[in-house]
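To start, the structure itself, in structure tokens.
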Amino acid sequence: MTIAPRHDWTVDEVEALFALPFADLIHRAQTVHREHHPANTVQMSTLLSVKTGACPEDCAYCPQSVRYDTGLDREALMAVDDVVTRARTAREAGATRFCMGAAWRSPKKRDIEVMSAMIRGVRELGMETCATLGMLNKEQARELRDAGLDYYNHNIDTSPEYYDKIITTRDFQDRLDTLEAVREAGMSVCCGGIVGMGETVRDRARMLQVLANLEQHPESVPINQLVAVPGTPLANQAPIDPFDFIRTIAVARILMPSSAVRLSAGREQMSDELQALAFLAGANSIFYGEKLLTTGNPDVEHDRRLLDRLGMRTAPGVIGATHA
Ligand code: SAM
Ligand code: DTB
Ligand code: SF4
Numbered sequence: 015m016t017i018a019p020r021h022d023w024t025v026d027e028v029e030a031l032f033a034l035p036f037a038d039l040i041h042r043a044q045t046v047h048r049e050h051h052p053a054n055t056v057q058m059s060t061l062l063s064v065k066t067g068a069c070p071e072d073c074a075y076c077p078q079s080v081r082y083d084t085g086l087d088r089e090a091l092m093a094v095d096d097v098v099t100r101a102r103t104a105r106e107a108g109a110t111r112f113c114m115g116a117a118w119r120s121p122k123k124r125d126i127e128v129m130s131a132m133i134r135g136v137r138e139l140g141m142e143t144c145a146t147l148g149m150l151n152k153e154q155a156r157e158l159r160d161a162g163l164d165y166y167n168h169n170i171d172t173s174p175e176y177y178d179k180i181i182t183t184r185d186f187q188d189r190l191d192t193l194e195a196v197r198e199a200g201m202s203v204c205c206g207g208i209v210g211m212g213e214t215v216r217d218r219a220r221m222l223q224v225l226a227n228l229e230q231h232p233e234s235v236p237i238n239q240l241v242a243v244p245g246t247p248l249a250n251q252a253p254i255d256p257f258d259f260i261r262t263i264a265v266a267r268i269l270m271p272s273s274a275v276r277l278s279a280g281r282e283q284m285s286d287e288l289q290a291l292a293f294l295a296g297a298n299s300i301f302y303g304e305k306l307l308t309t310g311n312p313d314v315e316h317d318r319r320l321l322d323r324l325g326m327r328t329a330p331g332v333i334g335a336t337h338a
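Residue numbers for the sequence shown follow the working numbering, so the first one is 15 and each next one is one higher.
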């Protein structure tokens, strides 16, 4: 029997899921997964950083903040044609969604115009479109929607309680306001977070509780493992226990049964076996392509081989899922 998704989780209930014996948690997550999704199927998104570095925000994990010396070369907003060419290559490699990321606190008027042209160009290729451009107001969200943007990525990143240990240039409510603007415009929401930043299990539970208790679950929930980049304040952060990472995926799957749970940043640092466990725990989406935004990702041949070895196939994209 399929139980209707809940939006009233308490943090204690969520923490209790984290505390289950590992096998019990994975079994429960895989059971929920099969009730709501085709088994052995993974959705593939390719990322491109269309504007890189020099971001005024101070996110402690991010190599693109202007405040940290990470040796990253800044790049201005890319030309529309170049972005569309990259999207075509991603489509030919097998990606169904193309996600354009920009290191902005929030886009300016002219940025929205250029992004709109990019979105139109990518959508003409028959790909789903996603963008992550920082904070949006309602009007900006509507403009992007009108250009054909299917998904907007905007992560809450961590718990409300831990947020100011990671970012001081905005607050948690700013994130929620943008998510509301995206929803109101009628786009699909891609929203998740990062684990391995020194947060407690309760912080992880709170982060997932906030996502699960939104009026509507995000259609995509990226779970990133911190990529500890030299030069950032989190450069020397001790890595998370891999089983705790998998637990986070499993709890996300149980709380948000119909959402795509994306095994996101950090895959390059993971063994094939750990990634297989993540799929078993209910992950059914990945970032595909040799680069995330500025850091590495497994190469395409390796991922194809991994999916083959696991008997997994790729999911077709569904353009315009939430707006015609
Ligand atoms: N500037 C926009 C924003 O912050 O919303 C969009 C781009 S930002 C790079 C997108 C997301 O990438 C962040 O919210 C964070 O979750 C993730 N991210 C950035 N650096 C990361 C890192 N070193 N490890 C894991 N995830 C990271
Ligand atoms: C998300 O949750 N993870 C992606 C995407 N959304 C934009 C970004 C990961 C970035 C990892 C660090 C980098 O490559 O700069
Ligand atoms: Fe800027 Fe986004 Fe990086 Fe924060 S995560 S520093 S907002 S690019």
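Using N, Cα and C, we set each Cβ at its ideal position, and we do this for glycine too.
Residues of its chain near residue i, where Cβ-Cβ distance is below 6 Å and the 5 sequence neighbours each way are ignored
| i | result |
| --- | --- |
| Y165 | C144, S202 and C204 |
Contact under 8 Å by Cβ, residue i with residue j
| i | j | result |
| --- | --- | --- |
| T309 | P77 | yes |
| L240 | Q230 | no |
| N227 | H21 | yes |
| L321 | A297 | no |
| G162 | P121 | no |
| E233 | S285 | no |
| A266 | L222 | yes |
| V28 | L269 | yes |
| A117 | T183 | no |
| M83 | I181 | Per the sequence shown, the amino acid found at residue 83 is Asp instead of Met. Against a cut-off of 8 Å, the Cβ pair of I181 and D83 comes out as no contact. |
Beta-bridge partners of residue i, as assigned by DSSP
| i | result |
| --- | --- |
| M58 | I300 |
| G277 | For the sequence presented, residue 277 should be read as Leu rather than Gly. Answer is I237 and I300. |
| G207 | D171 and I237 |
| L165 | Per the sequence presented here, residue 165 reads as Tyr, with Leu not at that position. Answer is C144 and S202, bridged to Y165. |
| G245 | Answer is none; G245 lacks a bridge partner. |
| T66 | E89 |
| K305 | G310 |
Residues near residue i by beta carbon distance below 7 Å, same chain, minus five either side
| i | result |
| --- | --- |
| L294 | I40 and Q44 |
| A335 | With a pLDDT of 49 at A335, under the threshold of 50, the modelled position of this residue cannot be trusted, and the question is left open. |
| V275 | V235, I237, I263, A266, R267, G296, A297, N298 and S299 |
Which of helix, strand or coil DSSP assigns to residue i
| i | result |
| --- | --- |
| T103 | helix |
| S130 | helix |
| Y177 | helix |
| A335 | Bear in mind that a pLDDT of 49 at A335, under 50, signals an unreliable position, so the number given afterwards is only what the model happens to contain. A335: coil per DSSP, three-state reduction. |
| M92 | coil |
| M114 | strand |
| R184 | coil |
| V80 | coil |
| R327 | strand |
| P35 | coil |
Residues of its chain near residue i, where Cβ-Cβ distance is below 8 Å and the 5 sequence neighbours each way are ignored
| i | result |
| --- | --- |
| R159 | A199, G200, M201 and H337 |
| R102 | L139 |
> Would you call the region 100-114 and the region 52-60 touching, i.e. three or more CB-CB distances under 8 Å?
Replying inline: Between the region 100-114 and the region 52-60 there are three or more C-beta pairs closer than 8 Å, enough to call the two in contact.
> Per the contact definition of three or more C-beta pairs closer than 8 Å, is the region 171-181 in contact with the region 134-143?
Replying inline: When C-beta atoms of the region 134-143 are compared with those of the region 171-181, fewer than three pairs fall below 8 Å, so the two segments do not count as touching.
> Touch check for the region 256-273 and the region 24-33: three-plus C-beta pairs under 8 Å?
Replying inline: When C-beta atoms of the region 256-273 are compared with those of the region 24-33, three or more pairs fall below 8 Å, so the two segments count as touching.
>> Using 8 Å as the cut-off, can you tell me whether the region 147-154 makes contact with the region 211-219, which would need three or more C-beta pairs spanning the two stretches below that distance?
In response: Contact fails: fewer than three Cβ-Cβ distances are below 8 Å.
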